[in-house]
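Read top to bottom, the protein sequences are chains L and X.
Quick note: the first sequence uses the working numbering, first residue 449, plus one each step.
Quick note: the second sequence uses the working numbering, first residue 449, plus one each step.
Quick reminder that beta carbons are idealized off the backbone N, C-alpha and C, glycines included.
No experiment lies behind these values; they were computed from the predicted model shown.
Beneath this line is the structure, given in structure tokens, with notes to follow.
2 protein chains.
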Amino acid sequence: MKRVTIADVANHANVSKSTVSQYINKRYDYMGEETKERIEKTIKELEYSPNMVAKSLKQKSTLTIGVIVANILHVFSTQVIRAIEDVCQENDFHVIVCNADDNPEKEKKYIEMLRAKQVDGMIVFPTGGNKDLYESLFNEGYPLIFVDRFVENLPIDSILLDNEAAAKLAVDHFVSKGYERIAILTTSIIRNITPRVERISGYKKALQASGIPIREEYIKSLDLNEIHNGLKEMLFAEHPPQAILAGNDLTLMQILNFVQEHKIQIPKELALIGIDELSFANIYSPSLTIVSQPTFEMGEMAASLLLKKVKKEDTKNEGCIHRLQPTLVIRESC
Amino acid sequence: MKRVTIADVANHANVSKSTVSQYINKRYDYMGEETKERIEKTIKELEYSPNMVAKSLKQKSTLTIGVIVANILHVFSTQVIRAIEDVCQENDFHVIVCNADDNPEKEKKYIEMLRAKQVDGMIVFPTGGNKDLYESLFNEGYPLIFVDRFVENLPIDSILLDNEAAAKLAVDHFVSKGYERIAILTTSIIRNITPRVERISGYKKALQASGIPIREEYIKSLDLNEIHNGLKEMLFAEHPPQAILAGNDLTLMQILNFVQEHKIQIPKELALIGIDELSFANIYSPSLTIVSQPTFEMGEMAASLLLKKVKKEDTKNEGCIHRLQPTLVIRESC
DNA sequence: CTGTTAGCGCCTTCAG
DNA sequence: CTGAAGGCGCTAACAG
Chain L
449 MKRVTIADVA NHANVSKSTV SQYINKRYDY MGEETKERIE KTIKELEYSP NMVAKSLKQK
509 STLTIGVIVA NILHVFSTQV IRAIEDVCQE NDFHVIVCNA DDNPEKEKKY IEMLRAKQVD
569 GMIVFPTGGN KDLYESLFNE GYPLIFVDRF VENLPIDSIL LDNEAAAKLA VDHFVSKGYE
629 RIAILTTSII RNITPRVERI SGYKKALQAS GIPIREEYIK SLDLNEIHNG LKEMLFAEHP
689 PQAILAGNDL TLMQILNFVQ EHKIQIPKEL ALIGIDELSF ANIYSPSLTI VSQPTFEMGE
749 MAASLLLKKV KKEDTKNEGC IHRLQPTLVI RESC
Chain X
449 MKRVTIADVA NHANVSKSTV SQYINKRYDY MGEETKERIE KTIKELEYSP NMVAKSLKQK
509 STLTIGVIVA NILHVFSTQV IRAIEDVCQE NDFHVIVCNA DDNPEKEKKY IEMLRAKQVD
569 GMIVFPTGGN KDLYESLFNE GYPLIFVDRF VENLPIDSIL LDNEAAAKLA VDHFVSKGYE
629 RIAILTTSII RNITPRVERI SGYKKALQAS GIPIREEYIK SLDLNEIHNG LKEMLFAEHP
689 PQAILAGNDL TLMQILNFVQ EHKIQIPKEL ALIGIDELSF ANIYSPSLTI VSQPTFEMGE
749 MAASLLLKKV KKEDTKNEGC IHRLQPTLVI RESC
């Protein structure tokens, strides 16, 4: 497994290394037609494959960006990643994806390794625990974009859902169907994860706008494995909610599990709306009404913005917060 | 954004580069306690972060492997990837994941890019279209492992499901429930994709073993978007099957779509078994009986084997085919 | 115990 | 139109 280098090609083709280099980079401005062919032939013969590591070292650019998602289990993450990859493909950039697993420690490790690997920029779904690190990246002028979550007091471009609008879409739909006892269930709210906080506040505002009183026992933020108990408590209380808004896909799955276990009829006994699309939303019976995020646009926007920064086309314009609008997809569960 | 290098650290700490290098690599056999502290301090001060690109160039090792999956939309792929990543984490290796999208052209592009990036080894779910490329990798002694699919006449270690056993588990379960008109539906079979071919042959063998005649009209291999029509044809025929075995998760989803659309009752009107676990198999009603692959073991095995080759602990032993056993998870759909 | 030196494979002036 | 030389940041002998 001895690698063939540019020098080998040069020797075999009786030219110098720099000529080969020029050929590879398609800078054959003044190169002899015959020389070109000779080089091409020997490249094929020797099965030469350029060494990007060496190139990156020299050029101080890896043509690679890093993406750190907070939790890859959300379909939201996977869809945004797809969009990012598409944009990068088109621009001949590569993507390294890391999953922080909702763990700031892991996130830190990944940020450091991506820096060590000299990626040209990063898109991160911040876990909320590494503000100092983000800050030092920013101070170095390192291209960086946040997605899904916002970090306060840092002028870094962020792509966010209009979470309050998302909650409002759901609540208003519940209300239009005549429901008044409406609950919201999200995953844990420690570390002030943006979407969860905002969705709850949007829910409250929407209720108030409809003149429905807010009941604290209808608002729960729990770790995934506590949701089962939380639901039991909520649904078997004296005045159980008639409708639940699930804060994200995993939460909705937990609710569906509970519903299946307790043979609760949807939507007759309990109406359901989730935020985030689900692979089986259409297949499930009843099919599931959900609030959909424009995941593709979000990923695309994040990637294009980042690449602009990487290519120094956009240096100013720091700290923009881009809010994208959700849409309600009405199906049978409410 | 000027990077701080090992030389900067050396200057500020009044030592030579090599001393710093040794410190970083924890080779402080004979290093002065005081020197160590001085280096550590200046590293912190300057926020020095090592440049892995330079290190990789020197060491001819990137501590990174590449994974190319045929199609990332299968849960199978994502689960195997998770397991691979776990093993690599433990060994301080990084993983670059690429999705060939069932397209040999894309696969080729990715193989070339991973080589250019000097990854230390590759795990690929071969699309079946780049035999010459695999061969040249092999000839160079490039560490390589195949997963899910087998490539003939190439002595490369492969991790495969015992696909015939998987089909047999399903067929035997159908038979034990009294079904005789049993169909199998897989995605397209051009390019002889191993699991599809083997699952069909396993299906045939199992039927024969039970003394049930094989009917060609019960065997369909179609592109995903043709499944709808194929099902219509099959289920609205004179003697429609009473049971269908879905060759993979995406096929099963298509069937469920059809079933929902036509209000077909499961399992009363049609019994269903799928190969591959599904996120909602438990939640769906009726819950779905499936044949489960040991995805975690497969990924783990692939990664450990590859790392052994990378670390030259395993040089012989080429061309082993590891067959892992599936298990039947009985739920309500049959 | 620490410093000097010589590359890793590639790109980029700058001469020829 | 082509070649020679220097250097990207780091490591690994080999001297001191």
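Whole-angstrom C-beta distance between residue j and residue i, which should lie under 8 Å
i: L/Phe524; j: L/Asp671; result: About 18 Å; that fails the 8 Å criterion.
i: L/Ile513; j: L/Val457; result: Wrong, their Cβ atoms sit about 30 Å apart, outside the cutoff.
i: X/Gly577; j: X/Thr634; result: With 8 Å as the limit, X/Gly577 and X/Thr634 do not qualify as a contact, their Cβ atoms being about 19 Å apart.
i: L/Ile559; j: X/Gln708; result: Actually they are not in contact, since the Cβ atoms of L/Ile559 and X/Gln708 sit about 44 Å apart, beyond 8 Å.
i: L/His710; j: L/Leu608; result: Rounded, the Cβ-Cβ distance is 35 Å, inconsistent with contact.
i: X/Tyr627; j: X/Ala751; result: In fact, because the Cβ distance is near 39 Å, the residues do not count as touching under 8 Å.
i: X/Ser727; j: L/Ser727; result: 7 Å
i: L/Ile703; j: L/Leu679; result: 7 Å
i: X/Val501; j: L/Leu505; result: 5 Å
DSSP three-state assignment for residue i, whether helix, strand or coil
i: X/Met570; result: strand
i: X/Leu696; result: First, the amino acid is wrong: residue 696 of chain X is Asn here, not Leu. Three-state DSSP puts X/Asn696 in coil, outside helix and strand.
i: L/Ser649; result: helix
i: L/His542; result: strand
i: X/His770; result: strand
i: L/Leu754; result: helix
i: L/Ala458; result: helix
i: X/Phe684; result: coil
i: X/Lys503; result: helix
i: L/Asn722; result: The residue asked about is misnamed: residue 722 of chain L is Gly in this sequence, not Asn. Correct three-state label for L/Gly722: strand.
i: L/Lys492; result: helix
i: L/Ser464; result: coil
i: X/Lys484; result: helix
i: L/Thr510; result: coil
i: X/Thr453; result: coil
i: L/Leu704; result: helix
i: L/Leu736; result: coil
i: L/Ser727; result: coil
i: X/Ser781; result: coil
i: L/Ser469; result: helix
Sequence-distant residues of its chain with Cβ nearer than 8 Å to residue i (five each side left out)
i: X/Cys768; result: Asp605 and Ser606
i: X/His621; result: Ile721, Thr737, Leu776, Ile778 and Cys782
i: L/Met479; result: Thr467, Gln470 and Tyr471
i: X/Ile544; result: Thr512, Ile513, Gly514, Val515, Leu562, Lys565 and Val567
i: X/Lys489; result: Ala461
i: X/Gln656; result: Ile662
i: L/Leu772; result: Ile607, Leu608, Leu609, Asp610, Gln741, Pro742, Glu745, Met746 and Met749
Own chain, CB closer than 7 Å to residue i, minus 5 neighbours either side, in chain order
i: L/Met614; result: Position check: residue 614 of chain L holds Ala in this sequence, whereas Met was assumed. Result list for L/Ala614: Arg647, Gly650, Ile723, Val739 and Pro774, in chain order.
i: X/Pro689; result: Arg629, Ile630, Ala631, Tyr666 and Met682
i: L/Ile641; result: Gly576 and Arg597
i: X/Lys757; result: Gly569 and Pro591
i: L/Leu581; result: Lys556 and Ile559
Beta-carbon proximity list for residue i, same chain, < 6 Å, skipping 5 on both sides
i: L/Val528; result: Thr743, Met746 and Gly747
i: L/Ser509; result: Asp568
i: L/Pro574; result: Phe594, Arg597 and Val599
i: X/Cys546; result: Ile516 and Tyr558
i: X/Gly755; result: Residue identity check: residue 755 of chain X is Leu in the sequence provided, not Gly. So the list reads Asn539, once near-sequence residues are dropped.
i: X/Leu693; result: Ala618, Ile632 and Ile721
Starting from the N-terminal side, write out each stretch of the beta strand (DSSP E) that is 3 residues or longer and does not extend beyond the region 512 to 537 of chain X. Counting whole runs of 3 or more residues, the region 512 to 537 of chain X contains the beta strand (DSSP E) stretches 512 to 517.
At a CB distance below 9 Å, what residues from the region 509 to 532 of chain L approach chain X? Give them in sequence order. Within the region 509 to 532 of chain L, the residues whose Cβ lies closer than 9 Å to some Cβ of chain X are Thr510, Thr512, Ile520, Thr526 and Arg530, listed in chain order.
Unbroken stretches of the alpha helix (DSSP H), 4 residues or longer, contained in the region 606 to 666 of chain X: Within the region 606 to 666 of chain X, the complete alpha helix (DSSP H) segments of 4 residues or longer fall at 611 to 624 and 642 to 657, listed in chain order.
Quick one, which residues of the region 749 to 775 of chain X are near chain L if we go by CB-CB under 8 Å, in chain order? Within the region 749 to 775 of chain X, no residue has a Cβ lying closer than 8 Å to any Cβ of chain L.
Which residues, taken in chain order from the region 551 to 564 of chain X, show a beta carbon closer than 9 Å to some beta carbon of chain L? Taking 9 Å as the Cβ-Cβ cut-off against chain L, the residues of the region 551 to 564 of chain X that qualify are Glu560, Met561, Arg563 and Ala564.
Under 7 Å, CB to CB, which of the residues in the region 701 to 715 of chain L have a partner in chain X? Within the region 701 to 715 of chain L, the residues whose Cβ lies closer than 7 Å to some Cβ of chain X are Met701, Leu704, Asn705 and Gln708, listed in chain order.
Residues within the region 579 to 596 of chain L neighbouring chain X, beta-carbon criterion of under 7 Å: Interface annotation for the region 579 to 596 of chain L against chain X: Ser584, Glu588, Gly589 and Tyr590, criterion Cβ-Cβ distance under 7 Å.
With 9 Å as the C-beta to C-beta threshold (strictly closer), list the residues of the region 482 to 505 of chain X near chain L in chain order. Identification of residues in the region 482 to 505 of chain X having a C-beta nearer than 9 Å to some C-beta of chain L yields Glu495, Ser497, Pro498, Asn499, Met500, Val501, Ala502, Lys503, Ser504 and Leu505, given in sequence order.
Residues of the region 730 to 747 of chain X with Cβ closer than 8 Å to any Cβ of chain L, in chain order: Of all residues in the region 730 to 747 of chain X, Asn730, Ile731, Tyr732, Ser733 and Ser735 have a Cβ within less than 8 Å of some Cβ in chain L.
Go through the region 547 to 605 of chain L residue by residue and report every complete run of the beta strand (DSSP E) that reaches 3 residues or more, in order. For the beta strand (DSSP E) assignment, the uninterrupted runs of no fewer than 3 residues enclosed by the region 547 to 605 of chain L are, from N- to C-terminal side, 569 to 572 and 592 to 595.
Using a Cβ-Cβ cutoff of 9 Å, what residues of the region 716 to 730 of chain L are near chain X? List them in chain order. Under the 9 Å Cβ criterion, the region 716 to 730 of chain L contributes Leu726, Ser727, Phe728 and Asn730.
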